[in-house]
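Working notes for the structure below.
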Amino acid sequence: FTSYYIPSTGMENTLFQGERVLVNKWSYGLRLPFMLFFSYHRWGEKRLERGDIVGFNNPANVLQPVIAHREIFISRCDGIPGDTLLVDSLFSMVSSANRRNNYNEKSLYAYSLHTFIIPQKGKPVKIEPWNRFLLRNTVVLHEKKQAEVIGDTLFIENIPVSEYTFSQDYYWMVSDNSVNWADSRWFGLVPQNHIIGKAFLIWFSKEKETGAFKRYRWNRFFKAL
1 FTSYYIPSTG
11 MENTLFQGER
21 VLVNKWSYGL
31 RLPFMLFFSY
41 HRWGEKRLER
51 GDIVGFNNPA
61 NVLQPVIAHR
71 EIFISRCDGI
81 PGDTLLVDSL
91 FSMVSSANRR
101 NNYNEKSLYA
111 YSLHTFIIPQ
121 KGKPVKIEPW
131 NRFLLRNTVV
141 LHEKKQAEVI
151 GDTLFIENIP
161 VSEYTFSQDY
171 YWMVSDNSVN
181 WADSRWFGLV
191 PQNHIIGKAF
201 LIWFSKEKET
211 GAFKRYRWNR
221 FFKAL
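No gaps in the numbering here: position 16 of the sequence shown is 16 in UniProt numbering, and each next residue is one more.
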């Protein structure tokens, strides 16, 4: 297990700023250390499930080459490998199977929406004008290949491609506080090798930047997630 401090309001009203949660590193299989020197491995690897509250390393931190040393984020898994999202061209509006009921039909039709399939290990994903930049970033950051977009075409290792087969599973993460953009709309898809574990318990809760003996949320201590 590991403990994680909630520094922001991104997961309200599920997790509040100033809380500490326990994350079970065995939930999806124990990620083995020394990934920088050896290939990625887990003991008893399992996929995330939709709706899980997940701890993972920041997938956008390119300055830290060691994945396990990157800062930890907590978000809700809203899309698993092979799921189809409805997205606008900028990925600013995203509707998953989990959240489709949160939008009425008229509000969905007010947007020009496209379908986007979350990459699944060993399965080809079609390159489209609205997903080419997201996929380009994913290929560069996590597949470790040279890629660039020229016009409407994605080039990988200087070869134009219309589809790409990914080497690992990816997930779409969301903030429960929808106005907070610190989720996959900002940092992109989260690869399997960045996953730490499932958050399962709030063990401490106190309003941020208050006195030592003030503003404890006693009713949230040892609350299961």
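Glycine included, each C-beta is placed from N, C-alpha and C at the ideal position.
Can you give the Cα-Cα distance for Ile156 and Glu49, rounded to whole angstroms?
-> Each residue's CA atom was taken as its position, placing Ile156 and Glu49 some 31 Å apart.
For the alpha helix (DSSP H) that contains Arg185, what are its first and last residues?
-> Segment Ser184 to Phe187, the alpha helix (DSSP H) holding Arg185.
Which ranges would you report for the alpha helix (DSSP H) in the segment 160-218 if only whole runs of at least 4 residues count?
-> You should have 184-187.
In its own chain, which residues sit with a C-beta less than 7 Å from the C-beta of Asn177, not counting the 5 before and 5 after it?
-> Setting aside the 5 residues that flank it on each side, Asn177 is surrounded in the same chain by Thr9, Gly10, Met11 and Glu12, each with a C-beta closer than 7 Å to its C-beta; the list follows chain order.
Does DSSP classify Thr84 as helix, strand or coil?
-> Reduced to three states, the DSSP call for Thr84 is strand.
Using only alpha-carbon positions, find the residue among Gln120, Ser96 and Gly122 that is nearest to His114.
-> From the listed residues Gln120, Ser96 and Gly122, the smallest Cα separation to His114 is found for Ser96.
Under the three-state reduction of DSSP, which class applies to Ile127: helix, strand or coil?
-> Note: Ile127 maps to coil in three-state DSSP.
Residue nearest to Ile53 in terms of C-alpha spacing, selected from Ser75, Ile150, Thr153 and Phe166 = Of Ser75, Ile150, Thr153 and Phe166, the residue nearest in Cα terms is Ser75.
Taking DSSP as the reference, what is the three-state secondary structure of Tyr1?
-> Strictly speaking, residue 1 in this sequence is Phe, with Tyr absent from that position. Here Phe1 sits in coil by DSSP.
Nearest to Val149 by CA position, among His142, Ser162 and Glu143, is which residue?
-> Selected option, being the one with the closest Cα: Ser162.
Which residues share a DSSP beta bridge with Lys223?
-> According to DSSP, Lys223 bridges with Ile202.
Taking 7 Å as the cut-off, is the CB of Pro129 close to at least one heavy atom of the ligand ZN?
-> Among the components modelled here there is no ligand, and therefore nothing to report on the ligand ZN.
According to DSSP, is Asn137 helix, strand or coil?
-> Note: Asn137 maps to helix in three-state DSSP.
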